[in-house]
Each structure stands twice: as structure tokens, then as C-alpha cells.
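Residue numbering for the sequence shown is 13 to 677, as defined by our numbering. Only one structure is covered here, and it is reproduced in the block below.
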Amino acid sequence: MTQPAAGPRLPVEPGRTEKDRPGPGTPAAPDGASSGPGDPAAPDGAFLTDGSASGTSPADPAADDADPAPGLVHTIPAALATEMLDPDIAPVQGAPQHDLGSIAHPAGPATTYRPRRRRSLRLRLRRKLLRLAKRWRTSLSVRVVTATIVGGFVALGLLGGVLASQIRDGLYNQRVEQMLADAALRTTNAQGAFDSATATTTQQIQGVANGWIRSLQSSTSGAVGAVLMRSPNAISSITIAEPATNGAVRNLVSPAMREAVREDGGQHWQAVSVPTADGEGPGIVVGSPVTLPAAGAYELYMVYTLDPEEETIFLVLRILAVGAVALVAMLAALTWVITRWVLRPVTDAAHTAERIADGMLDERMDVRGRDELALLGESFNEMAGSLQRQIEQMEELSRLQQRFVSDVSHELRTPLTTIRMASEVIHDNKDSFDPVVRRSAELMQTQLDRFESMLADLLEISRFDAGAAVLDVEDRDLCDIVARVVEMSAILAERKGSEVRVTAPDEPCTADIDPRRIERVVRNLVNNAIEHGEGRPIDITVGRTPTAVGVRVLDHGVGMSEEEASHVFDRFWRADPARARTTGGTGLGLSISLEDTRLHGGTLEAAGRPGIGSSFLLTLPRRAGSAIGKRPVPLRPHDAPETTTIEVDADEGPADLTRLGEDAP
């Protein structure tokens, strides 16, 4: 007997119960010995299997035919155990191998568990977007609030951008003007200090320059550095070391700045990036020419930082952003509340209308106040009351009409029976009458047959209207019913010159149907096709799907338009009122056929083209109360076959093919 391919399972040893089994994946241990990790008695690759055979190797052919002996162990070679491992996990040398894809179950063969595959990011995003799109389409509140939020952010963004730009430009220009004024004052003071100095030697001049630079470092006006640089136009032979607050200041003076100060004179400034402890910040360099005693022409450059102003601008922007978000949130909440308040009567009206449509005609809206919304509720209630009165009147009229038809049909039974008996007596003796009376007897017999058929149809229609029609369901083959109808209609088809051709599948087209009613439906369709077929062939096609069966009756006669096809199932309706009923029809056959089809939970459809022909399709569910799914036969012979596309979730795996027809719309 072949061992199952399920995961490892421990055998029950003598004297032990099913609950005493060791855990899954435990190596086999000899009698009286423990089988813990590292036990030399448990070789690599040994597995305890469900229902192990008696001591024979799995490679032994005799082991496949032997019955499993409880209490014994199968040994799987290490190479085979390695193949059973996950290929992405490398086996550890010297460690017992385990089947990572199986978990032993104490009550039976092991059940294989596989890790759940995660849905792809694209699929999850697509589903979320579809849910959001559905929410957007179905909720006016969501659309209004979303539009309010987007509009608010756009408006506040534009306003905030304009305000931030105005604040930045104003603060920047004002601060630069203050820095330029401060630099001009300091330059004037420096020049005055240099002019009043009595230094004549290089050391004295160096001391005067260094002293003024040191005094600038203690300033709190925003100046962060200064440097004196010898002008290229200087002609004095006395030179000093160019003093500076730090080496970085010298690097901030660009050649273009120096050229402008040298050639044009006066005060010049340039925006630069000033090194700070956190990186770089905005600032300006202001340069002016000065004259040192005995040393000649020099250039004084002062560096100012704009970090405080930048922090102020950032603070203003943060306040504006937080205020904008808070304002938009308040606006969205207020819009949501107002929208819900305004739409509540509309929602109540929709729910009330749904309940009225379901037949609860006494439902009304709750009206509060005297505003426009209250006026809407009052108007809706008045409309509902008017509809209720009209519907009740129509129902009463319909009941009276149904009762009248039923009573008249039953009351006509007795005189019709009497007339039928007298007509049969006259018809049986027609040969003894003159030709005129004989013809009258034949016409009376024919019209009595038609009158009796019409009376039977009226009684059947009255049962449908009263809801008294019931089904006597049997499991029958639709092909047999079609064959019997074709045989019964052979005389009429021969008289009209039409050939009836039947196309049916080889397998039975069985369904839960009432044979009497379905035979009547098919007979009405076939007789109708023969009557309007103009002597051309009649094609009958029978088809089936896993969920439905169908019959299509196609003629190539006078045909009908789309408007005529929409009225063909109306009672006593004729496409051509002047056309004679050669087959003794009552005008109720297709109406009764439609009611019989609805009683089965099926569909009866009609289509055609004038001068080409007409097509009638009867579709029935194979099991009573089940869904039909797709059509077994197309309504028009040249229609492409219907296909069904079902989205399969990756977590669920492939769909069962036998359910595709059941899940089809």
C-alpha cells in the first residue's frame, strides 16, 4: 500500500494513546532511548511518517503492497529530505532536516500549509482608488467637502504667497537700507579716526587699523565681520597687513565688488551667503574706499547677516501655514455639517421613495419647521399621498377587472357547452343540408373552437393576474418537448409550405420545468413562426450551459421592427390589425407564454427586422430558483457568443471552472 505524500506523522506505540504522540518533526528514537536534539540514535534525514510500513526501505517494491504496521518508522534518505525543503533556505550541516511545508495533525494525515501570498502593491492601490472613485461618485457631501478643501487650499496658498512675498520684500529692503546706513556711518567714523591719527610708521598705522577692526567685533548692529584691503590704485610705499575679523570675511569679497569700489568709489553692496554654525545664511557685503595715514588708498568691507530676518520670515510662513490648515479644516468641518444638514431631507426623501417603491405606500417624510426644506418635505408627502390614492384606485379597478373576466369566463362555460352540443349535432348532419347551410355549419364549428380556446386563455390569464398559477416541476429534457411540438405542428407547417429544421446538442438539455406550460410556450412560438414565415424554413435551435437551457425559434418571413418587438407580448396585440388569424389564434398566446416563462424564473425575448424575419428566444434556469447566467443561445443568429470575465483574487488562487457559469452576470 503506497504511503500518502502528506507531512510527517508519528505512529502510536503500544501502550500509548493518540495524545501521547511527540511533536511534529521529531526524529525516531529506539525503544527505551530518548530522541532529543543531538541524539546519535536519530540519523540525519529520518522522518516519522503516518502509517509506516514494517522495517522495509521506501525503495523496496514490497513496501508499496504491504499493509502499514503501527509502531514502526519509515526512514527517508537525507537527499530526498533536502529536496523537500524550501529552495530559498539553505540546509544546516549536521542538523536533522524537516519538511517545512507540512505540519502533522494528531487526528489524521498531515495538512499542508503554504504561506499566504501578499497582494501586489499595484492591486491594493487599484482597489483603494476604485473605492475612492465610488465614494466620490455616490456621495455629494464628499464632493462638496473635497471641492471646499481644494478651493480653500488654493485660495489660501495664493493669498499666503502674496503676503509672504510682500513681507519678505518689505523686511529685506528695510533691513538692507538700515545696514547700508550703518555701514556709511561706520565708514565715516573710520575715516575720521584715520584722519585724526598721528601715526607715521608702519607699526603705528597697523595699530590704528587693528584697533578699529577690533571695535567693530563688539558691534550689535548686525555686522559680523570687516576687513581692510589695500587698493590696487595705492601708490604709497608703506604697506600694512590687511586686518580682518576672520579669514572667512576676506573670501566673501568678490573681484567684481572690488573693481566697482575701486573704479566708481562711494558705497557699494552685494548679496552673499554668510557662513554660520548651521551652514550658510543670507547676508550682504558693503564696501567703501578709505584713506589711511601715510599708507594711502584702502578699501573697507563690512559683512552683515540677515539670519534674524530670515528666521522672522520663516516664523511668519509657519504661522500662515498653520493658520491656513486650521482655517481649511474648520471650513471643511463647517461645510460637512451644512451639507449634511441640507442633504438630510433629500436623503430622507430618497429612502422614503425606496420604501414606497417597495410597496409601503403609507411611508411619509418627517417635516420640521417652515423653511424651504420643510416645503420640500410637505410637497413630497402630498405627492406620495396622491400616488397612493391613484395606485389604490388602479388596484381596485384591476381587481374588479380580473373578477369580471373570471366571472364572465366561468359564466360563459354553461351556455358555451350548450351551444357546443347543438353545434356538434348540426355539424354531424351537415351533409343533409344544402351547400349554404352546410358552409354555415362548418363556420359555426370553427368559430366555436376558437371561442372555446379564447375562453380557456382568458381563464388562464385571470389565474396569472390573481397569482393563483402554480408549477408542477419535473426534471425533463427540453429536446423531447421540442420534438413533440414539431411533430404536432407538422400538418400546419406542411399546409403553409414551411420546413421546420431543429438543431440540438448531443447531450440532454434537462431542467426543472413544468412540461405542460413549457410545451405550450414552445408550441405558441413555433405556430407563430409558421403563421408569419411566408412558407420559408423555420429554424429551431436548442442549447445549454451549466446554469441554463434555451430554445430559439427563427423564421424568415415578414419580420418586425424594434417597436413591434416591444409590443409583441401585449394582450390582443397585432402588428397588422387587418391580418387574418388563419390558425385560429386568440391574441393571448404570447402573453400567456411570457407569464409561463416568468413563472419559471426565465426570460422570453423577441427581435426581428422587417422583411428578413423574427427571432424568439426562451431561456430557463436548469434548477428552479437559480440564476440563468449567460444565454445558451444568442437571440440573433449572427450575435457573437457571450463571454464572462471574472476577476480572481491572487490570495484565493485560480477559480473553480465549474463555477464560472454560476458567477456569470
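Glycine is no exception: its CB is placed at the ideal position from the N, C-alpha and C atoms. These figures come from a predicted structure and were not determined experimentally.
If you draw a straight line from the Cα of V538 to the Cα of A619, it comes to about 15 Å. Judged by beta-carbon spacing, T553 lies within the 7 Å limit of R564, meaning their Cβ atoms are closer than that value. Around the beta carbon of D608, 16 or more other beta carbons lie within 10 angstroms, which makes this residue buried.
Contact annotation: the segment 284-291 does not touch the segment 186-195, with fewer than three C-beta pairs closer than 8 Å.
Distance from the Cα of H280 is smallest, within the candidate group T199, I431 and F206, for T199.
If you compare the alpha carbons of L197, N540, L170 and L647 with that of L228, the shortest gap goes to L197. Residue pairing for F628: DSSP places it in a beta bridge opposite V565 and A618. Of all C-beta pairs linking the segment 338-356 to the segment 258-273, fewer than three are shorter than 8 Å, placing the two stretches out of contact.
When beta bridges are read from the DSSP output, E292 appears opposite P287. With respect to the C-alpha of M500, the residue from N441, R134, R529 and V534 having the closest C-alpha is V534. Between the alpha carbons of L632 and G601 lies a distance of about 18 Å. Nearest neighbour of M269 by Cα position, chosen from G291, A246, S300 and D290, turns out to be S300.
Annotated as proximal: V239 and A256, with beta-carbon spacing under 7 Å. Under DSSP, A560 shares a beta bridge with P633.
Within its own chain, the residues whose Cβ lies closer than 8 Å to the Cβ of F445, once the five positions on either side in sequence are excluded, are A453, listed in chain order. Three or more pairs of CB atoms, one per stretch, sit closer than 8 Å, so the segment 480-489 contacts the segment 513-529. G237 has V315 as its beta-bridge partners, per DSSP. Ranked by Cα distance from S626, the first of E394, I604, N441 and I542 is I542. Separation of the CB atoms of I640 and T559 is rounded to 6 Å, and the pair is thereby assigned contact status at 8 Å.
Bridge pairing for T515: T553 [DSSP]. Here F416 is exposed: its Cβ has fewer than 16 other Cβ atoms, across all protein chains shown, within 10 Å. When rounded, the separation of the alpha-carbon atoms in Q413 and G569 is 36 Å.
Of the other Cβ atoms in all chains shown, fewer than 16 fall within 10 Å of the Cβ of I403; this residue is therefore exposed.
In the DSSP annotation of this structure, the continuous segment of the alpha helix (DSSP H) that includes I179 starts and ends at L152 to S208. Shown here, S444 sits in a helix according to DSSP, grouped into three states. With fewer than three CB-CB distances shorter than 8 Å, the segment 151-169 does not count as touching the segment 305-318.
Taking I473 as the centre and dropping the five residues before and after it, the same chain places the C-beta of V417, R583, L600, S603, I604 and E607 closer than 8 Å to its C-beta, in chain order.
In this structure the segment 178-188 does not lie against the segment 365-380, because fewer than three pairs of beta carbons, one per stretch, are closer than 8 Å.
Note on geometry: alpha-carbon atoms of S233 and V302 lie some 21 Å from one another.
Shown here, E486 sits in a strand according to DSSP, grouped into three states.
Taking a 10 Å sphere around the C-beta of V349, we find fewer than 16 other C-beta atoms and assign the residue as exposed. Across the structure, T430 and L467 are spaced so that their CA atoms are roughly 15 Å apart.
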